[in-house]
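Structure, as structure tokens:
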Amino acid sequence: MVEKGKVMPGDVLATIEEFLPGEGVYVDPVKGFIRAAAPGVAYLDMSRRIAYVKPHKKPQTPGPGSEVAALVTGVRGDLVVAEVYGVVRLSPKPAWLYELPSPYSAAIPISHIADEYIKNIEDYYRIGDWILAKIVSRTPPFTLSTVEPRYGVVYAICSRCGAVMEFQSERSMKCPKCGNVEKRKVSIHAKSRHLRIRLVRNLVIYRS
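Under this note's numbering, think of the first position of the sequence shown as 595, with each following residue one higher.
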């Protein structure tokens, strides 16, 4: 066992060619590095070839009422599947609080998406959208709600040209590059210049 010393989120421990990722780390898919996911002490297990981090303190776990930033990873007939990456505060103005050491699985039932009849979920959320939501269950996998106007999409990619879309209304986003308009359930904070979401694994800065 080799101690690498104290590390901060994003610090490089090793490469995926040399070691397997253990607890408290993540793989940088672009450069192939194993990076620390939380502050702590890094270790390299030379016998098992595993790189891991022991965090300085127990990771915080969000709960009912927590407002979170999540990535939509799946859309089914009556359900949106997502991963929760971090916790935010939306009042009195949007603020990024902290990133989770690893994402939590979550889902948004169709009844928790919006306060209206929903015919097609993809008119509200699509895979790859970053959303703001509220946790309404006690333990993971979390149930999320986006019914209130403050919750919904804050970052989406144009399905036609791949550019980042901009707020048009609470029910649509427009691509500034090709003019494509797509339906979404858009957060009222999508146009806020106070909103900043920073993630080690996925860096998203919106209206910073």
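From the three backbone atoms N, C-alpha and C, an ideal C-beta is built for every residue, glycine too.
Small disclaimer: the values here were computed from a predicted structure and weren't measured.
Cβ neighbours of residue i in the same chain (closer than 7 Å, five flanking residues each side left out)
i, result
"residue 632", "603, 618, 647, 649, 653, 695"
"residue 669", "715, 716, 719, 720, 721"
"residue 613", "628, 638, 643, 644, 645"
"residue 884", "Because residue 884 is not part of the residues shown, which for the chain are 595 to 802, the question remains open."
C-alpha distance - residue i paired with residue j, whole-angstrom precision
i, j, result
"residue 635", "residue 600", "4 Å"
"residue 643", "residue 611", "10 Å"
"residue 726", "residue 608", "33 Å"
"residue 745", "residue 675", "16 Å"
"residue 658", "residue 691", "16 Å"
"residue 777", "residue 597", "51 Å"
"residue 765", "residue 732", "30 Å"
"residue 684", "residue 709", "20 Å"
"residue 672", "residue 734", "19 Å"
"residue 743", "residue 626", "39 Å"
Contact set for residue i: own chain, Cβ-Cβ below 6 Å, skip 5 residues either direction
i, result
"residue 784", "748, 761"
"residue 615", "621, 628"
"residue 723", "666, 747, 750"
Beta-carbon contacts of residue i that lie in its chain and below 8 Å, excluding the five residues immediately before and after
i, result
"residue 656", "662, 678, 681, 694, 698, 729, 736"
"residue 771", "752, 755, 757"
"residue 660", "681, 728, 729"
"residue 605", "629, 630, 636"
"residue 712", "704, 718"
Delimiting residues of the beta strand (DSSP E) encompassing residue i
i, result
"residue 601", "596–601"
"residue 639", "634–639"
"residue 649", "644–649"
"residue 762", "760–763"
"residue 710", "It is not in any beta strand (DSSP E) - residue 710 carries neither H nor E in the DSSP assignment."
"residue 729", "724–729"
| query | For the region 658–695, which segments carrying the alpha helix (DSSP H) assignment without a break, of at least 4 residues, lie completely within its bounds, in sequence order? | reply | none
| field | Validate contact between the region 698–706 and the region 745–762 using beta carbons, cut 8 Å, 3 pairs | value | no
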